[in-house]
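A short worksheet on the structure shown next.
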Amino acid sequence: QSALTQPASVSGSPGQSITISCTGTSSDVGGYNFVSWYQHHPGKAPKLVLYDVNERPSGISYRFSGSKSGNTASLTISGLLAEDEADYYCSSYTSSNTWVFGGGTSLTVL
Amino acid sequence: EVQLVESGGGLVQPGGSLRLSCEASGFPFSSYWIHWVRLAPGKGPAWVGCINTDGSSTSYADSVQGRFTISRDNAKNTLYLQMNSLRAGDTAVYYCGRGLAVVAGFGDYWGQGALVTVSS
Numbered sequence: 001q002s003a004l005t006q007p008a009s010v011s012g013s014p015g016q017s018i019t020i021s022c023t024g025t026s027s028d029v030g031g032y033n034f035v036s037w038y039q040h041h042p043g044k045a046p047k048l049v050l051y052d053v054n055e056r057p058s059g060i061s062y063r064f065s066g067s068k069s070g071n072t073a074s075l076t077i078s079g080l081l082a083e084d085e086a087d088y089y090c091s092s093y094t095s096s097n098t099w100v101f102g103g104g105t106s107l108t109v110l
Numbered sequence: 111e112v113q114l115v116e117s118g119g120g121l122v123q124p125g126g127s128l129r130l131s132c133e134a135s136g137f138p139f140s141s142y143w144i145h146w147v148r149l150a151p152g153k154g155p156a157w158v159g160c161i162n163t164d165g166s167s168t169s170y171a172d173s174v175q176g177r178f179t180i181s182r183d184n185a186k187n188t189l190y191l192q193m194n195s196l197r198a199g200d201t202a203v204y205y206c207g208r209g210l211a212v213v214a215g216f217g218d219y220w221g222q223g224a225l226v227t228v229s230s
């Protein structure tokens, strides 16, 4: 159950778009369309922003979108807002019938 | 209103045991998988395990397999996490999270978290 690989940090200016990658293996990301993304502010529970690669839960802005190619999933946030600054984590179902998180990406809105 | 309320956290010595509870309300508890996730100090979330709707099937992360047990009492709308042989590395805030309704995944609703500190 190795953690999925994410860049440690990304940044963007308000209004711009950023993309965060999440790389796994054929036993997790590449094998299933069960990839989720969470927004996390320290001290709080993670907030689900995408599930099933590109599905938004109720109340999540259309600015959040996802995709997957092979063993890599991606989260794109368009029209960056200051409130988007947070840590983002991907998660995937695995062939071991477990779930695994990524190492996390810190998003800075410049 | 969907609510998940954890209880049972606290300070425990290495090798000790602790049981967390997660009481649900505002939704048909027996129809949802429930997951446990933990956040260690300064680290990101780590999946701990999950349980299916009737409690007949569970799954655990390698790091807790054989030490932690998840169970549920649907009559009481309550989920449990029994933690044995606790280690310093188990120190974290533990959250219960609701599974998604008709697809895989979890975390549309979370509890407020229960702090578990393993220290002598």
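If you read the sequences in order, they're chains A and B.
Take 1 as the starting number for the first sequence in this note's numbering and just add one per residue.
Take 111 as the starting number for the second sequence in this note's numbering and just add one per residue.
All C-beta atoms in this analysis are idealised placements derived from N, C-alpha and C, irrespective of residue type, glycine included.
If you're wondering where the values come from, they're calculated on a predicted model, not measured in any experiment.
Could you compute how far the alpha carbon of residue i sits from the alpha carbon of residue j?
i                 : j                 : result
Lys153 of chain B : Ser13 of chain A  : 26 angstroms
Gly70 of chain A  : Ser95 of chain A  : 15 angstroms
Leu81 of chain A  : Leu50 of chain A  : 18 angstroms
Ser11 of chain A  : Thr105 of chain A : 10 angstroms
Leu128 of chain B : Asn194 of chain B : 7 angstroms
Phe101 of chain A : Lys186 of chain B : 30 angstroms
Leu48 of chain A  : Pro124 of chain B : 33 angstroms
Val122 of chain B : Asp200 of chain B : 11 angstroms
Ala214 of chain B : Phe34 of chain A  : 6 angstroms
Pro7 of chain A   : Pro155 of chain B : 16 angstroms
Buried or exposed: where does residue i fall if 16 or more other Cβ atoms within 10 Å of its Cβ makes it buried?
i                 : result
Gln113 of chain B : exposed
Gln16 of chain A  : exposed
Ser181 of chain B : exposed
Glu111 of chain B : exposed
Val29 of chain A  : buried
Leu4 of chain A   : buried
Val226 of chain B : buried
Ala86 of chain A  : buried
Ser135 of chain B : exposed
Ser26 of chain A  : exposed
Gly66 of chain A  : buried
Ser166 of chain B : exposed
Find the nearest neighbour of residue i within the set the options, judged by alpha-carbon distance.
i                 : options                                : result
Thr179 of chain B : B:His145, B:Ser117, B:Ala185           : B:His145
Asn184 of chain B : B:Asp200, B:Gly125, B:Asn162           : B:Asn162
Val53 of chain A  : A:Gly24, A:Lys44, A:Tyr32              : A:Tyr32
Ser230 of chain B : B:Gln222, B:Gly126, B:Ala214           : B:Gly126
Thr108 of chain A : A:Ala3, A:Ile18, A:Gln6                : A:Ile18
Ala45 of chain A  : B:Gly207, B:Ala211, B:Gly136           : B:Gly207
Gln222 of chain B : B:Thr201, B:Leu121, B:Glu111, B:Cys132 : B:Cys132
Val158 of chain B : B:Gly215, B:Val147, B:Thr168           : B:Val147
Asp84 of chain A  : A:Tyr62, A:Ser91, A:Ala73              : A:Tyr62
Gly91 of chain A  : B:Phe216, B:Tyr205, B:Thr227, B:Ser117 : As written in the sequence, residue 91 of chain A is Ser, which differs from the Gly given in the question. Of the candidates B:Phe216, B:Tyr205, B:Thr227, B:Ser117, the one whose C-alpha sits nearest the C-alpha of Ser91 of chain A is B:Phe216.
His41 of chain A  : A:Tyr88, A:Trp99, A:Thr98              : A:Tyr88
Ala211 of chain B : B:Leu130, B:Leu191, B:Arg177, B:Tyr142 : B:Tyr142
Val115 of chain B : B:Tyr170, B:Gly209, B:Asp218, B:Tyr205 : B:Tyr205
Ala150 of chain B : B:Gly118, B:Arg197, B:Tyr219           : B:Arg197
Over what stretch of residues does the beta strand (DSSP E) that includes residue i continue unbroken?
i                 : result
Arg208 of chain B : 202 to 209
Phe64 of chain A  : 64 to 69
His145 of chain B : 144 to 149
Arg129 of chain B : 128 to 135
His40 of chain A  : 35 to 40
Pro138 of chain B : Element bounds for Pro138 of chain B: n/a, residue is neither H nor E.
Gly165 of chain B : From DSSP, Gly165 of chain B is part of no beta strand (DSSP E); its letter is neither H nor E.
Leu50 of chain A  : 47 to 50
Pro155 of chain B : 155 to 161
Ser21 of chain A  : 18 to 23
Any heavy atom of the ligand GDP closer than 7 angstroms to the Cβ of residue i?
i                : result
Val10 of chain A : No copy of the ligand GDP occurs in the structure displayed, which carries no ligand at all.
Exercise for review: Taking a Cβ distance cut-off of 7 angstroms, strictly less, list which residues of the segment 210 to 222 of chain B are near chain A, in chain order.
Suggested key: Listed by position, the residues of the segment 210 to 222 of chain B near chain A (Cβ gap below 7 angstroms) are Leu210, Val213, Ala214, Gly215, Gly217, Asp218, Trp220.
Check your understanding: Which residues, taken in chain order from the segment 78 to 110 of chain A, show a beta carbon closer than 9 angstroms to some beta carbon of chain B?
Key -> The segment 78 to 110 of chain A vs chain B, Cβ under 9 angstroms: Asp87, Tyr89, Ser91, Tyr93, Ser96, Asn97, Thr98, Trp99, Val100, Phe101, Gly102, Gly103, Gly104.
Point to revise | Contact list for the segment 44 to 61 of chain A against chain B, Cβ threshold 9 angstroms | key: So the list reads Lys44, Ala45, Pro46, Lys47, Leu48, Tyr51, Asp52, Glu55, Pro57, Ser58, given in the order they occur along the chain.
Review point. Which of the residues in the segment 140 to 162 of chain B, read from start to end, lie with their CB under 9 angstroms from any CB of chain A?
Key: Result list: His145, Val147, Leu149, Gly152, Lys153, Gly154, Pro155, Ala156, Trp157, Gly159, Cys160.
Review point. Taking any Cβ of chain B, which residues in the segment 21 to 37 of chain A have a Cβ under 7 angstroms from it, in chain order?
Key: Flagged, chain order: Phe34, Ser36.
Check your understanding: Residues in the segment 175 to 208 of chain B with C-beta within 7 angstroms of chain A's C-beta atoms, listed in sequence order?
Key -> Correct list: Tyr205.
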